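All remarks here apply to the structure that follows.
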Amino acid sequence: MVINDAGIKGGLASVLMPDTVTPATTAAATTAAATTAAAAATTITTITTTTTTTTTTTATTTQAPTPYSQKPTMENTTPLVPVPSTVTSPLDPHAKSYSHVNGTTAELLDRLAVSELCKGWPVYRDASEWANYRSLFTSDGTVWTTWSGPRHVDDFIAISKAGKEAGVFIMHRECGTLAELAADQGRAVGKMKATITHRFTFPESQFDVDCDCRFIFFCEKQADTGAWKAKYVKLFYDKDKVVPVDGYTAPRFAPDELAKYPEGYRYLGAAQARLGYEIDVSLPTPHNNELWTRMYGEIEKWLDGKPVDLFWEKQT
Numbered sequence: 351m352v353i354n355d356a357g358i359k360g361g362l363a364s365v366l367m368p369d370t371v372t373p374a375t376t377a378a379a380t381t382a383a384a385t386t387a388a389a390a391a392t393t394i395t396t397i398t399t400t401t402t403t404t405t406t407t408t409a410t411t412t413q414a415p416t417p418y419s420q421k422p423t424m425e426n427t428t429p430l431v432p433v434p435s436t437v438t439s440p441l442d443p444h445a446k447s448y449s450h451v452n453g454t455t456a457e458l459l460d461r462l463a464v465s466e467l468c469k470g471w472p473v474y475r476d477a478s479e480w481a482n483y484r485s486l487f488t489s490d491g492t493v494w495t496t497w498s499g500p501r502h503v504d505d506f507i508a509i510s511k512a513g514k515e516a517g518v519f520i521m522h523r524e525c526g527t528l529a530e531l532a533a534d535q536g537r538a539v540g541k542m543k544a545t546i547t548h549r550f551t552f553p554e555s556q557f558d559v560d561c562d563c564r565f566i567f568f569c570e571k572q573a574d575t576g577a578w579k580a581k582y583v584k585l586f587y588d589k590d591k592v593v594p595v596d597g598y599t600a601p602r603f604a605p606d607e608l609a610k611y612p613e614g615y616r617y618l619g620a621a622q623a624r625l626g627y628e629i630d631v632s633l634p635t636p637h638n639n640e641l642w643t644r645m646y647g648e649i650e651k652w653l654d655g656k657p658v659d660l661f662w663e664k665q666t
């Protein structure tokens, strides 16, 4: 706010000075006007000073958000201590290395063929392309899942069809695939990171259980055709979670209900059991180190041309 001192003085003079005045009266009025103007100016200065002080005080007490680049670092914060049962091991599970990247043109083509074969699971099974799905396997191919246990691939296709007819809704998201090759043995192992997403519809809620996993395809090259086929498919189950379809309505699982199933596919197993499935509890996860290590041992035996044993449910 700007106030003109001349305007103040003029206004005060017109009020205090009559039409007929004496020199003494004029002098007194002038003195009074000057005093009043000075008081007004002091008041204005005080208001301005007070406002400035208040603004300054407010500015010093309000803190702007800390930029991300200035967030506290691990050096000046309490170290994170992960719970051992919920993380993967930092140890390399492989005892040896095989052809997995680069190499000769022949190696690249073989690994590409195996990787392509692996991707057929989510692409073909989810779409009920059963003839294409069956073409991925040897004549005696076997697969394992949480809800089926070990099944000959033809039997697995049959129960998958029956499940879909009954309303079972399971999809797969492929997240990345690589292959390890032992060309001299005519064998390879495909490793496909994926997310199983099973939709459940119960009276109280509709939800998905998403399970991050790794499909392991034990593949062999056919001597007569040179085609790659999967003889065994078994999975690592890394972790799972419940995802409400509407964003907030989720089912409750009692601790004793969840405790029946391995961490890694605990919610998936509990939810599938509610549908009446008998859940295979002998599948490898990062948390059951014995089965985790055993699975990698079988992978290396396969690539070395040795017999493998993946039928652990007989021994658990």
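If you count by the working numbering, then the sequence shown holds residues 351 to 666, one letter each, in order.
Ideal Cβ placement from N, Cα and C applies to all residues, glycine included.
Model, not experiment: these values are computed from the prediction.
>> With DSSP as the reference, identify every bridge partner of M521, one or two as the case may be.
In response: DSSP output for M521 lists T547 as bridge partner(s).
>> According to DSSP, simplified to helix, strand and coil, what is E650?
In response: If DSSP states are grouped into helix, strand and coil, E650 belongs with the helices.
>> Whole angstroms are fine: how far does the CA of D476 sit from the CA of V518?
In response: Rounded to the nearest angstrom, the two C-alpha atoms are 11 Å apart.
> When you compare only the Cα positions, how much space is there between Q622 and V503?
Replying inline: If you draw a straight line from the Cα of Q622 to the Cα of V503, it comes to about 21 Å.
>> If contact is defined by three or more beta carbon pairs under 8 Å, each pair taking one atom from either stretch, is the stretch 484-491 in contact with the stretch 551-566?
In response: The stretch 551-566 makes no contact with the stretch 484-491, as fewer than three CB pairs between them are under 8 Å.
> How would you write the range of the beta strand (DSSP E) that Q556 sits in, first residue to last?
Replying inline: Per DSSP, the unbroken beta strand (DSSP E) holding Q556 starts and ends at S555 to K571.
>> Using only the alpha-carbon positions, how far apart do L441 and E640 sit?
In response: Their backbone Cα atoms lie some 14 Å apart in a straight line.
> If you draw a straight line from the alpha carbon of A538 to that of L585, how long is it in whole angstroms?
Replying inline: In this structure, the alpha-carbon of A538 lies about 16 Å from that of L585.
>> Considering only the alpha carbon of each residue, which of V464, I507 and A532 lies closest to W652?
In response: For W652, the closest alpha carbon among the candidates V464, I507 and A532 is that of A532.
> Quick one: what's got a C-beta closer than 7 Å to L660's C-beta in the same chain, skipping five residues either side?
Replying inline: The answer, listed in chain order, is Y582, K584 and E648.
>> Which residue marks the beginning of the alpha helix (DSSP H) containing D504, and which one marks its end?
In response: For D504, the uninterrupted alpha helix (DSSP H) segment begins and ends at V503 to E515.
> So does the stretch 488-498 actually touch the stretch 595-610, counting three or more Cβ pairs closer than 8 Å?
Replying inline: Taking 8 Å as the limit for Cβ pairs, the verdict is that the stretch 595-610 does not touch the stretch 488-498.
> By Cβ distance below 8 Å, which residues in the same chain neighbour W578 in space, the five residues on each side in sequence not counted?
Replying inline: Within the same chain, and ignoring the five residues on either side of W578 in sequence, the residues whose Cβ sits closer than 8 Å to its Cβ are D460, A463, V464, L467, A538, C569, E570, K571 and Q572.
> Span of the beta strand (DSSP E) holding A580?
Replying inline: That run of the beta strand (DSSP E) goes W578 to P594.
> Taking the alpha helix (DSSP H) that S465 falls in, what are its first and last residues?
Replying inline: In the DSSP annotation of this structure, the continuous segment of the alpha helix (DSSP H) that includes S465 starts and ends at T455 to G470.
>> Can you list, in chain order, the residues of its chain with a C-beta nearer than 8 Å to that of A469? Leave out the 5 residues immediately preceding and following it.
In response: In the sequence as displayed, the identity of residue 469 is Lys instead of Ala. Only E524, T527 and M542 meet the Cβ criterion.
> Would a C-beta distance cut-off of 7 Å place C563 and Y598 closer than the cut-off?
Replying inline: For C563 and Y598, no; Cβs fall outside 7 Å.
> In this structure, does DSSP put V631 in helix, strand or coil?
Replying inline: Looking at V631 - three-state DSSP - the assignment turns out to be coil, as it is neither helix nor strand.
> What is the DSSP secondary structure of V658, counted as helix, strand or coil?
Replying inline: In this structure, V658 counts as coil in the three-state DSSP scheme.
> Buried or exposed: which applies to D505, given that a residue is buried once 16 or more other Cβ atoms fall within 10 Å of its Cβ?
Replying inline: Exposed, because fewer than 16 other Cβ atoms sit within 10 Å of the Cβ of D505.
> Whose C-beta lies closer than 6 Å to the C-beta of T438 among residues of the same chain, with five residues either side of it excluded?
Replying inline: For T438, where only same-chain residues beyond five positions count, the Cβ hits under 6 Å are P636.
>> Threshold first: 4 residues or longer. Then list the alpha helix (DSSP H) segments lying entirely within the stretch 474-503, N to C.
In response: Within the stretch 474-503, the complete alpha helix (DSSP H) runs of at least 4 residues fall at 480-484.
> Going by DSSP, which residues form a beta bridge with K541?
Replying inline: According to DSSP, which records beta bridges pairwise, K541 is partnered with L528 and I566.
> Assuming A544 and P472 make a contact with CB atoms under 8 Å, what is their CB distance in whole Å?
Replying inline: Contact between A544 and P472 is confirmed by a C-beta separation of about 6 Å, below the 8 Å threshold.
> So, is E663 buried or exposed, given that buried needs 16 or more other C-beta atoms within 10 angstroms?
Replying inline: Exposed.
>> As a quick exercise: from Y615, T455, W642 and A620, pick the residue whose alpha carbon is nearest that of F603.
In response: With distances taken between Cα atoms, F603 lies closest to A620.
> What number of angstroms, rounded off, separates the C-alpha of E479 from the C-alpha of R549?
Replying inline: A straight line joining the alpha-carbon of E479 with that of R549 spans about 20 Å.
>> To the nearest angstrom, how far is the alpha carbon of H297 from that of Y474?
In response: An answer regarding residue 297 cannot be provided, because it is not within the stretch 351 to 666 covered by the chain.
>> Let's see if you can read the secondary structure: which residues bound the alpha helix (DSSP H) around P605?
In response: Taken as a continuous stretch (DSSP letters only), the alpha helix (DSSP H) holding P605 covers P605 to L608.
> Taking the alpha carbon of F565 as the point to measure from, which residue in P634, K591, A481 and P657 has its own alpha carbon closest?
Replying inline: Of the candidates P634, K591, A481 and P657, P634 places its Cα closest to the Cα of F565.
> By Cβ distance below 6 Å, which residues in the same chain neighbour I507 in space, the five residues on each side in sequence not counted?
Replying inline: Non-local C-beta neighbours of I507 in its own chain, meaning closer than 6 Å and more than five positions away in sequence, comprise W480, ordered along the chain.
> So Y646 packs on H444, CB below 8 Å; how close in whole Å?
Replying inline: Y646 to H444, Cβ: 6 Å. Contact.
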